[in-house]
Amino acid sequence: MKQRLFMTKNILFLVFVTAPNTLSPYDIDGMDNMARAAAVRSGKAISREFRGWYALKSASPEVVFGLEASIVYLKTVLAEQGPFDGIFGFSQGGLMAAVMCALLEHRYIGLGDDCMHPPLRFAVISSGYKLKDSRWDYVYKRPICTPSLHTYGVLDCMIGISRSMELRDNFVQPADHCFVGA
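With the first letter of the sequence shown counted as 1, position 84 gets the number 88 in the working numbering; the numbers rise by one all the way through.
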């Protein structure tokens, strides 16, 4: 992998963005138990700082917080380091990648009038899912036309395949790749 990335250094420029919101393990379904199990197995204390694009305020009905701050943060990244051709996101990042595709395409109010970045040319979304908070329904009202590749594992116990397919179905002519694994 390192050698392949080295071969693309003159034609590919990657920017890795860390989610701006600091979360507690309790903000992430199943994460606290996984963190405890990892600490026991390794015999070491682990960092309790997790990052996310949003956190759940309520699970039923789903209400999230922090997504607005993430959009403002990514808008700054677009302005200062862009323009970008595409976006990649995994899990919560996949949700965020889809939201950014929709915001850039449809110039929704969440992005603001001052964002000059053009719509993205592609998206790669791995184990992404659709946001269920009704305050964000407008993001999925219109089909997302950004060419996209969606990958998901049939054994993924965190993000079920049906949730990834539900997000995929919001894109026009998405490509997808399903694999056995998580």
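Note that the Cβ used here is the ideal one computed from N, Cα and C, for glycine as well.
CB contact flag (residue i, residue j, <7 Å)
i	j	result
Leu171	Tyr133	yes
Ile129	His154	yes
His121	Gly86	yes
Contacts around residue i, its chain only, beta-carbon distance under 6 Å, and the 5 residues preceding and following it disregarded
i	result
Val67	Lys61 and Asp137
Thr150	Cys105, Leu124 and Ala127
His181	Thr155
Phe183	Gly157
Tyr58	Val68, Gly70 and Leu71
Tyr144	Asn174
Arg167	Tyr133
Pro178	Ser152, His154 and Arg172
Nearest residue (CA-CA) to residue i, options the options
i	options	result
Gly90	Arg45, Thr80, Leu18 and Met169	Leu18
Gly93	Arg139, Thr22 and Asn14	Thr22
Phe88	Gln96, Ser95 and Leu78	Leu78
Phe20	Val81, Phe54 and Val76	Val81
Gln96	Ala179, Met162, Ile15 and Asn14	Met162
Val103	Asn14, Trp140, Leu27 and Gly164	Trp140
Ile165	Leu16, Ser131, Ser152 and Met100	Ser131
Met100	Val76, Glu53, Thr12 and Pro178	Val76
Same chain, Cβ closer than 8 Å to residue i, neighbours up to 5 away in sequence not counted
i	result
Pro147	Asn174, Phe175 and Val176
Between the CA atoms of residue j and residue i - distance to the nearest angstrom
i	j	result
Arg55	Asn14	31 Å
Glu84	Leu107	18 Å
Asp118	Leu27	29 Å
Met169	Arg45	34 Å
Sequence-distant residues of its chain with Cβ nearer than 7 Å to residue i (five each side left out)
i	result
Ser74	Ala23, Pro24, Asn25, Trp57, Tyr58 and Met100
Glu53	Thr26
| said: Please give me, in chain order, every unbroken run of the alpha helix (DSSP H) with length at least 4 that falls completely inside the stretch 137-179. | reply: Fully enclosed alpha helix (DSSP H) runs of 4 or longer: 165-172.
| request: Return the chain-ordered ranges of every alpha helix (DSSP H) run that is complete within the stretch 50-118 and spans a minimum of 4 residues. | output: With a minimum length of 4 residues, the continuous alpha helix (DSSP H) runs that stay inside the stretch 50-118 are 71-85 and 96-110.
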